[in-house]
Amino acid sequence: MVLFFIQLGIAITSLLFSTFASWYEGSAILDNPWEWKYSTPFSQLLYGDVQNINQISQLDHFVYAAKFQPTFPLIMLISGLYLLILIGYQLFKSRKIRFVYFLSLLAGTLFILSYLVFNSPTIGGQIFFYFGLTSGILCIVGAAIIYFILFKRNTNEHDS
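Below you can see the structure in the form of structure tokens.
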């Protein structure tokens, strides 16, 4: 249990640090009005066309950072994903089949999110596409391995 809390602390610290760093890097969107049309989806949902700095949502800072300076947003995504898997494992360790379902659902979500940035012309979009695709595949492989280990264990128990 101590190992769980150490991992939890490291993942949360990493997530918080990378979130603040991403938000700071993404604040550069305020200085680039030509990019407002392409990098402010949340502000456009709220206000339509963005005309001034006051209309830019804080969430759009993350979009801009992910597109043009993807290091900290990627660390944010990795630590968040690790945190989700860690908590999911802790919640479902006594019911491993539920953990298999959890990983499968997570994989499906990652595939959908990677599809959303499939045709992105920016380096950040391409990085997030490949990261989502790779982590989705790893989640499916992990779920399959756990499932087949459980399946093999259950068939061995029935054979004896």
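Under the UniProt record's numbering, the letters of the sequence shown match residues 1 to 160, in that order.
Ideal Cβ positions, reconstructed from N, Cα and C, are used throughout, including at glycine.
When burial is assigned at 16 or more other CB atoms within 10 Å of the CB, is Met1 buried or exposed? So Met1 ends up on the exposed side.
Starting from Glu25, trace the alpha helix (DSSP H) in both directions and tell me its first and last residue. Secondary structure note for Glu25: its alpha helix (DSSP H) is the uninterrupted segment Val2 to Gly26.
What does a CB cutoff of less than 6 Å around Ser27 pick up in its chain, not counting 5 residues either side in sequence? If we look at Ser27 and ignore the five residues flanking it on each side, its Cβ neighbours are His61.
Figure out for me which residue from Ser120, Tyr115 and Phe5 has the closest Cα to the Cα of Ser135. From the listed residues Ser120, Tyr115 and Phe5, the smallest Cα separation to Ser135 is found for Tyr115.
Between the region 80-92 and the region 51-58, can you find at least three pairs of beta-carbon atoms closer than 8 Å? Remark: fewer than three beta-carbon pairs, one from each stretch, lie closer than 8 Å, so the region 51-58 and the region 80-92 are not flagged as touching.
Between Leu86 and chain B, is any beta-carbon pair separated by less than 8 Å? No chain B appears in the structure shown, which is made up of a single protein chain.
Take every Cβ of the region 6-17, pair it with every Cβ of the region 71-87, and state whether three or more of those distances are shorter than 8 Å. Flag = yes, the region 6-17 and the region 71-87 touch.
My output table needs one value for Asn32: the three-state DSSP class, helix, strand or coil. Note: Asn32 maps to coil in three-state DSSP.
Taking Gly80 as the reference, give the member of Lys96, Leu110 and Phe68 with the closest Cα. The residue among Lys96, Leu110 and Phe68 with its C-alpha nearest the C-alpha of Gly80 is Leu110.
My understanding is that Phe72 touches Ala21, with C-beta atoms under 8 Å, so please give their C-beta distance in whole angstroms. For Phe72 against Ala21, the beta-carbon gap comes to about 4 Å, under 8 Å, which counts as contact.
Mind reading off the beta-carbon distance from Pro70 to Ile127? Whole number of angstroms is fine, and I expect it under 8 Å. Indeed they touch by this definition, with Cβ atoms about 5 Å apart.
According to DSSP, is Ser135 helix, strand or coil? In the three-state reduction of the DSSP assignment, Ser135 falls in the helix class, which pools H, G and I.
Relative to the alpha-carbon of Leu150, which residue among Cys139, Leu138, Val100 and Ile29 has its alpha-carbon at the smallest distance? By alpha-carbon distance to Leu150, the top candidate from Cys139, Leu138, Val100 and Ile29 is Val100.
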